[in-house]
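Sequence lines, in order, name chains Z and P.
Its first residue numbered 43, the first sequence is counted upward by one per residue in this note's numbering.
Its first residue numbered 270, the second sequence is counted upward by one per residue in this note's numbering.
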Amino acid sequence: MGYDAKREDYQRMAIRYARSLDQGDPVVATRAFSNFGRRLAQERDSLPQTDADRAFHLVADATDLIDYQLPFSTDEQAQEIVARAQALLAEAVSLDSHCYDAERMAFDPTTSFEGRYRRLAEREPEVLAGCSEARDREGATQDERTKLAQEIAMRPWRRWMASMAELALICGRNRTCLRLGERLLADDPTDTAGVHLTMALAYAKLEDAAGLQSLAARCAGWAPARGADDAWMLLAQVAIAQKAMDLSLASKALDRIIRTYPQAVRTILRQTELPDGAFSRVITNPYSEDELIVAVSEATVLLDEGADLSGRGPLGLWMAQETARLRPHLAAQTLSQMAGGALQ
Amino acid sequence: MNVRDELVMRCALRRREKIGGLSDQGFQELLLAVGQRPEDFVDSPEEAALLEVGRALDAYATSLREDDVRDDDEYQQERRRRLAALNAACGHALQTDPDCTDAQVIAAIAAEPGQDQLLSQLMGILRDGGDRLAVPGDNGKKGGPAGSGAKESGAWADVFARPALRLRFAIANACLASQRYRLCTKTCLELLDIMPADELGAGKTCAIAYARLEDEAGFDALDERQGRVGNTWTHLSRAILLYKLDRMPAARRALRGYGSLCEGAAYALLRPVYVEPYLPDRPTVRQASYEEAMLCIHEAEAVLTDVPDFFEWAAQLPGFQDAAQAFADEQGLDW
Numbered sequence: 043m044g045y046d047a048k049r050e051d052y053q054r055m056a057i058r059y060a061r062s063l064d065q066g067d068p069v070v071a072t073r074a075f076s077n078f079g080r081r082l083a084q085e086r087d088s089l090p091q092t093d094a095d096r097a098f099h100l101v102a103d104a105t106d107l108i109d110y111q112l113p114f115s116t117d118e119q120a121q122e123i124v125a126r127a128q129a130l131l132a133e134a135v136s137l138d139s140h141c142y143d144a145e146r147m148a149f150d151p152t153t154s155f156e157g158r159y160r161r162l163a164e165r166e167p168e169v170l171a172g173c174s175e176a177r178d179r180e181g182a183t184q185d186e187r188t189k190l191a192q193e194i195a196m197r198p199w200r201r202w203m204a205s206m207a208e209l210a211l212i213c214g215r216n217r218t219c220l221r222l223g224e225r226l227l228a229d230d231p232t233d234t235a236g237v238h239l240t241m242a243l244a245y246a247k248l249e250d251a252a253g254l255q256s257l258a259a260r261c262a263g264w265a266p267a268r269g270a271d272d273a274w275m276l277l278a279q280v281a282i283a284q285k286a287m288d289l290s291l292a293s294k295a296l297d298r299i300i301r302t303y304p305q306a307v308r309t310i311l312r313q314t315e316l317p318d319g320a321f322s323r324v325i326t327n328p329y330s331e332d333e334l335i336v337a338v339s340e341a342t343v344l345l346d347e348g349a350d351l352s353g354r355g356p357l358g359l360w361m362a363q364e365t366a367r368l369r370p371h372l373a374a375q376t377l378s379q380m381a382g383g384a385l386q
Numbered sequence: 270m271n272v273r274d275e276l277v278m279r280c281a282l283r284r285r286e287k288i289g290g291l292s293d294q295g296f297q298e299l300l301l302a303v304g305q306r307p308e309d310f311v312d313s314p315e316e317a318a319l320l321e322v323g324r325a326l327d328a329y330a331t332s333l334r335e336d337d338v339r340d341d342d343e344y345q346q347e348r349r350r351r352l353a354a355l356n357a358a359c360g361h362a363l364q365t366d367p368d369c370t371d372a373q374v375i376a377a378i379a380a381e382p383g384q385d386q387l388l389s390q391l392m393g394i395l396r397d398g399g400d401r402l403a404v405p406g407d408n409g410k411k412g413g414p415a416g417s418g419a420k421e422s423g424a425w426a427d428v429f430a431r432p433a434l435r436l437r438f439a440i441a442n443a444c445l446a447s448q449r450y451r452l453c454t455k456t457c458l459e460l461l462d463i464m465p466a467d468e469l470g471a472g473k474t475c476a477i478a479y480a481r482l483e484d485e486a487g488f489d490a491l492d493e494r495q496g497r498v499g500n501t502w503t504h505l506s507r508a509i510l511l512y513k514l515d516r517m518p519a520a521r522r523a524l525r526g527y528g529s530l531c532e533g534a535a536y537a538l539l540r541p542v543y544v545e546p547y548l549p550d551r552p553t554v555r556q557a558s559y560e561e562a563m564l565c566i567h568e569a570e571a572v573l574t575d576v577p578d579f580f581e582w583a584a585q586l587p588g589f590q591d592a593a594q595a596f597a598d599e600q601g602l603d604w
């Protein structure tokens, strides 16, 4: 669904450390490794690492700031958080000119979506080449550790592609989004990047029920193993059915979201748009309230399309009204807490 | 919607039916006579209702013409008043003829119930009998006299079928306005099947929907079907389509085509203005005029905003913004 920067930082360092122990006595190595977690946390600089590892650590810190602290900060804190994160990212790039994650995350906030998409598109071949080289440098043996190292080497490109797919969706380039998604899936067949969720929204934008269905049928092999019943798939189904004026089907899919996700009524009525995760899609637990919040936020391109002065598009408005019809008591509670109150 | 011409034709056709055995020349004379004072020839509830609708639309249009001299508050107030009056007049017409499709459709639009609601209501009208579509050459369920046999195409040639065609056009339009693009193309293509010369301009609506769906094959088939004669809508739609497909040089050429085809086209795109609801069909404006570009941009507005950086990209196209500014200066419009 998304990548965990801290976990990846840990994995990189663990692989590096384990390799440094390979030459010596296995018993000593095992004992040494048992201390790894503590040393990583407390004496990181005592562990073997390259500038690329150091740069990635800064990326992980910046991710924590931007993706996990910023959304909960006050306006005053926000400026400071952003400044700190930007400094970390700039340092990461200066340490490692191939730190593509830092490069991707350190965009100028005044750049348009189109500008960001263009920039990523122009640099993508180089990022692919850079990551592929890094992967090849990890060697050709097929042990678990090498495979993981190879996989980690490709992740910056995968995140790059996932960001591009998402920007393409926002820029109204839905077919491009699907094409990028398919390219990524060809390299990442278990979809560790979670790009199929973005693709589901693109199929909904194109009102392509058959395309969405065939995407759902392929979900089975993807990580984490779960059916095509996540919030993105269900929101896409709601959208396609509502647009085809099959309102009872749309209502059924909506009801399924409400039954699956805690606090769904509140989330659907509020329809809050959040900034997309800078490192990757923000990590949430499957079927959690937060997962639905992230999915609804990404579905803004569907919900707000054609918005009038009320700020909601016809689909967003229909979803709110239908939710209020399906769960009148819960909806009334939420609406009384919301500024403005009633649904228009 | 030209109520008067349709009313004249309908009254003349009914009269011919009554008299029986009228020669073509006789019919032409009858048409002239009806044209002088159509109200004198209205002798059925159907035409009586249509006459009421026509008068209500005339009153509405008269009020529209004075919007320029109203300030914002006056305008809002007058706008509400004239739409309410139109709605009431259509309600009255429906007492005369409960099956008057035009009155049903215009009343629904004038009530401004929101796009979703409007679409549901229009589909309800279609389902509940507004679909009295005559197969060309047939009299249709409503049993009006046979068509005039004039130069119009398909179902449009039958003046009694036109309300049902306008209803479908209004549905296509409501689909576009409520982001139901597939349903929009489907409705438009059905209209083109029964009305090949596309007197209502459904192909224009359809082109916008294809652009939004990034459906190049559909767009191309439509273009071929319409003889590859481009218009303001197809040029703009092609620019949007190619932009979305990330074929930027081609998108630039298409936008230039749009800009050069139509007077004030660049201005209309970069400075979109509010357009009053269609009642129920697209208003007739001079071809390739600024007014046409205005209507086109109005219809494409949601599709354009769905491509957030399109406006900026267009403004940066060499000469595009200059052309818009020059048009504003020339016409004394705000920039």
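The beta-carbon is built from N, C-alpha and C at its ideal position, and this holds for glycine as well.
Notebook entry, point to check: Beta-carbon of Leu-291 (chain Z) versus every beta-carbon of chain P: anything under 8 angstroms?
Noted result: As a working mapping, residue 291 (chain Z) is identified with position 249 in the first sequence. Chain P contact via Cβ: absent.
* Please specify which runs of the alpha helix (DSSP H), each continuous and at least 4 residues long, are wholly inside the stretch 195 to 240 of chain Z, giving them in chain order. => 216 to 229
message = Does the CB of Thr-342 (chain Z) have a neighbour CB from chain P at under 8 angstroms?
response = What you label residue 342 (chain Z) is simply residue 300 of the first sequence in a count that begins at 1. When Cβ-Cβ separations below 8 angstroms define contact, Thr-342 (chain Z) makes no contact with chain P.
query = What do you get for Met-517 (chain P), buried or exposed, if any count of 16 or more other CB atoms within 10 angstroms of its CB means buried?
reply = Within the second sequence, residue 517 (chain P) is the residue found at index 248, counting from 1. By the Cβ neighbour-count rule, Met-517 (chain P) is exposed, with fewer than 16 other Cβ atoms within 10 Å of its own.
In terms of alpha-carbon separation, which member of Z:Ala-204, Z:Ala-104, Z:Ala-337 lies closest to Arg-312 (chain Z)? Within the first sequence, the letter at position 270 stands for residue 312 (chain Z). Ranking the options by Cα distance to Arg-312 (chain Z), first place goes to Z:Ala-337.
Closest residue to Gly-236 (chain Z) among Z:Val-324, Z:Tyr-303, Z:Asp-67 (Cα-Cα distance) | For the purposes of this step, residue 236 (chain Z) is identified with residue 194 of the first sequence, where counting begins at 1. The option with the nearest alpha carbon to Gly-236 (chain Z) is Z:Val-324.
With DSSP collapsed to three states, give me the class of Gly-487 (chain P).
The sequence position of residue 487 (chain P) within the second sequence is 218, counting from 1. DSSP places Gly-487 (chain P) in helix when its eight states are reduced to three.
- Message: Going by DSSP in three states, Ser-529 (chain P) sits in which element: helix, strand or coil?
- Response: Translated into the one-based positions of the second sequence, residue 529 (chain P) becomes position 260. Correct three-state label for Ser-529 (chain P): helix.
If you follow the alpha helix (DSSP H) that Thr-302 (chain Z) is in, where does it begin and where does it stop?
For the purposes of this step, residue 302 (chain Z) is identified with residue 260 of the first sequence, where counting begins at 1. Residues 289 to 302.
Quiz item: Mind listing which residues of the stretch 202 to 214 of chain Z have their C-beta closer than 9 angstroms to chain P's C-betas, in chain order?
Solution: Ala-210, Ile-212, Cys-213, Gly-214
Range covered by the alpha helix (DSSP H) that runs through Gly-304 (chain P): Position 35 of the second sequence holds residue 304 (chain P). For Gly-304 (chain P), the uninterrupted alpha helix (DSSP H) run begins and ends at 293 to 305, by DSSP.
query: Could you give the C-beta distance for Asp-93 (chain Z) and Asp-138 (chain Z), rounded to a whole number, given that I count them as a contact under 8 angstroms?
result: Counting from one through the first sequence, the residue named residue 93 (chain Z) turns up at place 51. Counting from one through the first sequence, the residue named residue 138 (chain Z) turns up at place 96. Their Cβ separation, rounded to whole angstroms, is 5 angstroms, which keeps Asp-93 (chain Z) and Asp-138 (chain Z) in contact under 8 angstroms.
| field | Any 3 or more C-beta pairs closer than 8 angstroms across the stretch 307 to 323 of chain P and the stretch 338 to 349 of chain P | value | no
Open item on the list: Can you find the residues in the same chain that come closer than 7 angstroms, C-beta to C-beta, to Leu-395 (chain P), ignoring five residues on each side of it along the sequence?
Closed with: Within the second sequence, the letter at position 126 stands for residue 395 (chain P). Same-chain partners within the cutoff: Leu-436, Ile-440.
Among P:Arg-351, P:Ala-426, P:Gly-496, whose alpha-carbon lies nearest the alpha-carbon of Gly-464 (chain P)?
The residue given as residue 464 (chain P) occupies position 195 in the second sequence. Looking at the sequence shown, residue 464 (chain P) is not Gly but Met. When each option's Cα is compared against that of Met-464 (chain P), the closest is P:Ala-426.
Review point. Would a check of beta-carbon distances place Leu-452 (chain P) closer than 8 angstroms to chain Z?
Key: What you label residue 452 (chain P) is simply residue 183 of the second sequence in a count that begins at 1. Among the CB atoms of chain Z, one or more fall inside 8 angstroms of the CB of Leu-452 (chain P).
Next on the checklist: By the 8 angstroms beta-carbon criterion, what residues does the stretch 254 to 287 of chain Z contribute toward chain P?
Outcome noted: Lys-285, Ala-286, Met-287
Among residues of its own chain, excluding the 5 on either side of Gly-172 (chain Z), which ones have a beta-carbon nearer than 6 angstroms to its beta-carbon? Numbered from 1 along the first sequence, position 130 holds the residue referred to as residue 172 (chain Z). Cβ neighbours of Gly-172 (chain Z) beyond the five flanking positions: His-140.
Check your understanding: What three-state label does DSSP hand His-140 (chain Z) in the structure shown?
Key -> Start at 1 with the first residue of the first sequence, and residue 140 (chain Z) comes out as number 98. DSSP places His-140 (chain Z) in coil when its eight states are reduced to three.
Looking at C-alpha atoms only, which residue of P:Leu-282, P:Leu-291, P:Ala-520, P:Ala-443 is the closest neighbour of Ala-286 (chain Z)?
Here residue 286 (chain Z) is taken as the residue at index 244 of the first sequence, counted from 1. Here the closest residue by C-alpha is P:Ala-443.
How big is the Cα-Cα spacing for Arg-13 (chain Z) and Arg-49 (chain Z)?
Chain Z is shown only over 43 to 386; residue 13 (chain Z) falls outside these bounds and no answer can be derived.
Point to revise | Proximal residues to Asp-371 (chain P) (C-beta, below 6 angstroms), its chain only, five neighbours per side dropped | key: Your numbering for residue 371 (chain P) matches position 102 in the second sequence. So the list reads Val-322, Pro-432, once near-sequence residues are dropped.
Roughly how many angstroms lie between the CA atoms of Tyr-159 (chain Z) and Met-206 (chain Z), to the nearest whole one?
As a first step, residue 159 (chain Z) is located in the first sequence; it is residue number 117 there, counting from the start. As a first step, residue 206 (chain Z) is located in the first sequence; it is residue number 164 there, counting from the start. Rounded to the nearest angstrom, the two C-alpha atoms are 6 angstroms apart.
| Can you tell me the Cα-Cα spacing of Thr-72 (chain Z) and Gln-53 (chain Z), whole angstroms? | For the purposes of this step, residue 72 (chain Z) is identified with residue 30 of the first sequence, where counting begins at 1. For the purposes of this step, residue 53 (chain Z) is identified with residue 11 of the first sequence, where counting begins at 1. Distance between the alpha carbons of Thr-72 (chain Z) and Gln-53 (chain Z) is about 17 angstroms.
Any beta carbon of chain P sitting closer than 8 angstroms to that of Leu-316 (chain Z)?
Counting from one through the first sequence, the residue named residue 316 (chain Z) turns up at place 274. No, no contact with chain P.
Cβ separation of Ala-377 (chain P) and Leu-387 (chain P), assumed to be a contact under 8 angstroms, to the nearest whole Å: Residue 377 (chain P) sits at position 108 when you count from the first residue of the second sequence. Residue 387 (chain P) sits at position 118 when you count from the first residue of the second sequence. Contact holds; Cβ gap of about 6 angstroms.
Classification of Lys-410 (chain P) by the beta-carbon crowding that lies within 10 angstroms, buried from 16 upward: On the second sequence, residue 410 (chain P) is found 141 positions in, with the first residue counted as 1. Any reading at Lys-410 (chain P) is ruled out, since the residue's pLDDT is 39, under 50, leaving its predicted position unreliable.
Below 8 angstroms between beta carbons is the criterion; list the residues of the stretch 429 to 449 of chain P that meet it against any residue of chain Z, in chain order.
Ala-446, Ser-447, Gln-448, Arg-449
Shorter than 8 angstroms from the beta carbon of Ala-571 (chain P) to some beta carbon of chain Z? Position 302 of the second sequence holds residue 571 (chain P). Chain Z, which has a Cβ nearer than 8 angstroms to the Cβ of Ala-571 (chain P), makes this yes.
Original post:
Just how far apart, CA to CA, sit Ala-366 (chain Z) and Leu-377 (chain Z)?
Top reply: Position 324 of the first sequence holds residue 366 (chain Z). Position 335 of the first sequence holds residue 377 (chain Z). In a straight line, the C-alpha of Ala-366 (chain Z) is about 9 angstroms away from that of Leu-377 (chain Z).
query: Does the beta-carbon distance from Ala-292 (chain Z) to Ile-299 (chain Z) come in below 8 angstroms?
result: The residue labelled residue 292 (chain Z) in the question sits at position 250 within the first sequence. The residue labelled residue 299 (chain Z) in the question sits at position 257 within the first sequence. No. Outside cutoff.
* Nearest-angstrom Cα distance between Ser-290 (chain Z) and Ala-534 (chain P)? -> Here residue 290 (chain Z) refers to the residue found at position 248 when the first sequence is read from its first residue. Here residue 534 (chain P) refers to the residue found at position 265 when the second sequence is read from its first residue. Each residue's alpha carbon lies about 42 angstroms from the other.
Of all the CB atoms in chain P, is at least one closer than 8 angstroms to the CB of Thr-376 (chain Z)?
-> Position 334 of the first sequence holds residue 376 (chain Z). By this cut-off, Thr-376 (chain Z) is not an interface position.
Mind pulling the alpha helix (DSSP H) runs of 4 or more residues that sit fully within the stretch 335 to 398 of chain P?
341 to 365, 370 to 379, 384 to 394
Buried or exposed for Val-37 (chain Z), going by 16 or more other Cβ atoms inside 10 Å?
Limits of chain Z in this structure are 43 at one end and 386 at the other, which puts residue 37 (chain Z) out of reach.
- Shorter than 8 angstroms from the beta carbon of Val-576 (chain P) to some beta carbon of chain Z? The residue labelled residue 576 (chain P) in the question sits at position 307 within the second sequence. It does; some Cβ of chain Z falls within 8 angstroms.
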